[in-house]
Structure formats: C-alpha cells, structure tokens
Amino acid sequence: MSEKDGLLADRLAMDVDDGFAELVRLHASAVRMYLLRLSGSAADADDLGQDTFLRAYKALQSYSADRRRALRPRAWLMSIATNVWRNDVRAKSRRPVSAGRVEDSSDTWPDHRPGPGERADTAADRRVLVGALAQLPEAYRVAVVLRHVVGMSYAEVAEVQECPVGTVKAQVSRGLGRLRELLNPEEVTLREVTM
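Using UniProt numbering, read the sequence shown as starting at 1 and increasing by one per residue.
#1: Just to check my reading of the structure: VAL157 and ALA139 have Cβ atoms closer than 8 Å, yes? What is that Cβ distance to the nearest angstrom?
#2: Once DSSP output is grouped into helix, strand and coil, what is the label at ARG95?
#3: Assuming GLY19 and ARG11 make a contact with CB atoms under 8 Å, what is their CB distance in whole Å?
#4: Roughly how far, in whole angstroms, is the beta-carbon of VAL130 from the beta-carbon of TYR34, given that I think they are within contact range, below 8 Å?
#5: Where do the N-terminal and C-terminal ends of the alpha helix (DSSP H) with ASP15 fall, by residue?
#6: Specify the secondary structure class of ASN83 as computed by DSSP and reduced to three states.
#7: Taking the continuous alpha helix (DSSP H) assigned at VAL150, which residues delimit it?
#8: What is the residue span of the alpha helix (DSSP H) that LEU48 lies within?
#9: Taking the C-alpha atoms as reference points, what is the distance between GLY175 and LEU183?
#10: Note the first and the last residue of the continuous alpha helix (DSSP H) segment covering LEU179.
#11: In angstroms with no decimal places, state the Cα-to-Cα distance between LEU77 and GLN161.
#12: I'd like the list of long-range same chain contacts for ARG86, defined as Cβ closer than 8 Å, with 5 residues on each side in sequence excluded.
#13: From ALA134, TYR154, THR167, pick the residue whose C-alpha is nearest to that of MET179; which is it?
#14: Pull up the CB-CB distance for LEU38 and ARG141, whole angstroms please, since I reckon it's below 8 Å.
#15: With distances taken from CA atoms, which of GLY177, MET14, ALA91, ALA28 is nearest ALA56?
#16: What separation, rounded to the nearest whole angstrom, lies between the Cα atoms of VAL172 and ARG147?
#17: Got a sec? Which residues, its chain only, sit under 7 Å from GLN61 by beta carbon, not counting five neighbours each side?
#18: Whole angstroms are fine: how far does the CA of LEU54 sit from the CA of SER153?
#19: Just reading off the alpha helix (DSSP H) that GLU156 is part of, what are its end residues?
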C-alpha cells in the first residue's frame, strides 16, 4: 500500500466524512478516466463515477474503524467502479438503446511509453482507440485500462479483478495484442499472409 493510501485509510478510520472528502479529492479524476475508457462516454463516466462514490460512502459508513483502516483505498474504489460499470452494461443490455456512440474527450492517456496510448494524439485517434477498447473482452479491457490508463500495479489490478497476478499479466498482454490488431488490421493481414 502506498504511503498516501495508508494515510487516507487512517483518516477514514478516524472520521468517515473527512476521510471521504480526501478520498474523492485524491481519486476522483482516476475513477472518471477509468470509467471513461471503459464506457466510451463522458456523460456515462460522470454518472457512473457519482454512483461509484455514493456506493463507496454508503459502504464506508457501515464499516468498522478497523476495517476502514485496513482498506487499500485506490484498489477498493476501482473495484467498486468496475462493479458499477458492469451493472450498467448489464442494465443497458436489458433495455433498447440507440446506436452506440463514442464521445470525444479532451483527456489524454497518461502513459507515454510506446503502445496504444501514442495513438491518442488527436480526437480522431482517441475515438478510434476508445472504439477498439470497447471491442475487447471485459476482463482484457478492465485490465488494460487499470494498468495503462489508471497506472495501477499488476498486484493492484489483480486485487480489483480478484484473480492472480499472472492472470492479470496475461490479460494485459492479450488485451494490448488485440488492441494492436484492431488498430493496425493491415499489419495483421500482412503477417497472416506471410506466415
């Protein structure tokens, strides 16, 4: 657990309201970015983010001080956000919706290493990238976004996904490989032809 998360957990244990305000201040932008990349919609990300923090606040009120002190706030919050997003996907699949849309966002990927993040230099590239992310299986999408957008460690992603670290590494690797295929289909076709 990072020192910041440790101090936040102590603060939550002493005073839920004061600690919650700090939780929101420290993690609201990461939760929104995460939900934006999962949902592809700024409006949905805002709604899902509000629901995430509402659920977190209600949960914190019911926890003992010892349980709040033992929290790993960032991973715990991302777990709630993941569940809120999954519930929203399930609910939307049960009711008719208009054609899918991907909203533009002026946010950029914080990951500056080579890879899909480099594709997000322009609004058009961001739309393509968000569309490609939407095509990934849920486990890959969650793992890739948590690792490369939110910047969580493999151990933290494993905690959110409730699976072993090795599984998360495989999900991230396969997710990034699938993103490359989706973003560069001509390279994949060429590779298949030459094999």
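Glycine included, every Cβ here is placed at the ideal spot set by N, Cα and C.
All values reported here derive from a predicted model rather than from experimental measurement.
Here's the rundown:
#1: Numbered from its first residue, the sequence shown carries residue 157 at position 157. Numbered from its first residue, the sequence shown carries residue 139 at position 139. About 11 Å separates the beta carbons of VAL157 and ALA139, which is beyond the 8 Å limit, so they are not a contact pair.
#2: For the purposes of this step, residue 95 is taken as residue 95 along the sequence shown, with counting starting at 1. ARG95: coil per DSSP, three-state reduction.
#3: To locate residue 19, count along the sequence shown from 1; it is residue 19. To locate residue 11, count along the sequence shown from 1; it is residue 11. Yes, GLY19 and ARG11 are in contact; Cβ-Cβ is about 4 Å, under 8 Å.
#4: As a first step, residue 130 is located in the sequence shown; it is residue number 130 there, counting from the start. As a first step, residue 34 is located in the sequence shown; it is residue number 34 there, counting from the start. Their Cβ separation, rounded to whole angstroms, is 13 Å, which puts VAL130 and TYR34 out of contact at 8 Å.
#5: Taking the sequence shown and counting its residues from 1, the one referred to as residue 15 is at position 15. First-last for ASP15: undefined, no H or E at that position.
#6: The sequence position of residue 83 within the sequence shown is 83, counting from 1. It is helical.
#7: As a position in the sequence shown, residue 150 is number 150, starting the count at 1. Where VAL150 is concerned, there is no enclosing alpha helix (DSSP H), given that its DSSP letter is neither H nor E.
#8: Along the sequence shown, read from residue 1 onward, the residue named residue 48 stands at position 48. Annotation for LEU48: the continuous alpha helix (DSSP H) segment containing it runs 42-62.
#9: For this step, residue 175 is matched to residue 175 along the sequence shown. For this step, residue 183 is matched to residue 183 along the sequence shown. Roughly 12 Å separates the two Cα atoms.
#10: As a position in the sequence shown, residue 179 is number 179, starting the count at 1. Element bounds for LEU179: 165-183.
#11: For this step, residue 77 is matched to residue 77 along the sequence shown. For this step, residue 161 is matched to residue 161 along the sequence shown. In a straight line, the C-alpha of LEU77 is about 12 Å away from that of GLN161.
#12: One-based indexing of the sequence shown puts residue 86 at position 86. Within the same chain, ARG86 has close Cβ partners GLU138.
#13: Position 179 of the sequence shown, counted from the first residue, corresponds to residue 179. Contrary to the premise, residue 179 reads as Leu rather than Met in this sequence. For LEU179, the closest alpha carbon among the candidates ALA134, TYR154, THR167 is that of ALA134.
#14: Here residue 38 corresponds to residue number 38 of the sequence shown, with the count starting at 1. Here residue 141 corresponds to residue number 141 of the sequence shown, with the count starting at 1. Between LEU38 and ARG141, the beta carbon gap of about 6 Å places them in contact (Cβ cut-off 8 Å).
#15: To locate residue 56, count along the sequence shown from 1; it is residue 56. Residue ALA28 is the option with its Cα nearest to ALA56.
#16: As a position in the sequence shown, residue 172 is number 172, starting the count at 1. As a position in the sequence shown, residue 147 is number 147, starting the count at 1. Each residue's alpha carbon lies about 8 Å from the other.
#17: On the sequence shown, residue 61 is found 61 positions in, with the first residue counted as 1. If you ignore the 5 residues before and after GLN61, its C-beta comes within less than 7 Å of the C-beta of VAL16, all in its own chain and listed in chain order.
#18: What you label residue 153 is simply residue 153 of the sequence shown in a count that begins at 1. What you label residue 54 is simply residue 54 of the sequence shown in a count that begins at 1. Taking the straight line joining both Cα atoms gives about 25 Å.
#19: Counting from one through the sequence shown, the residue named residue 156 turns up at place 156. Element bounds for GLU156: 154-161.
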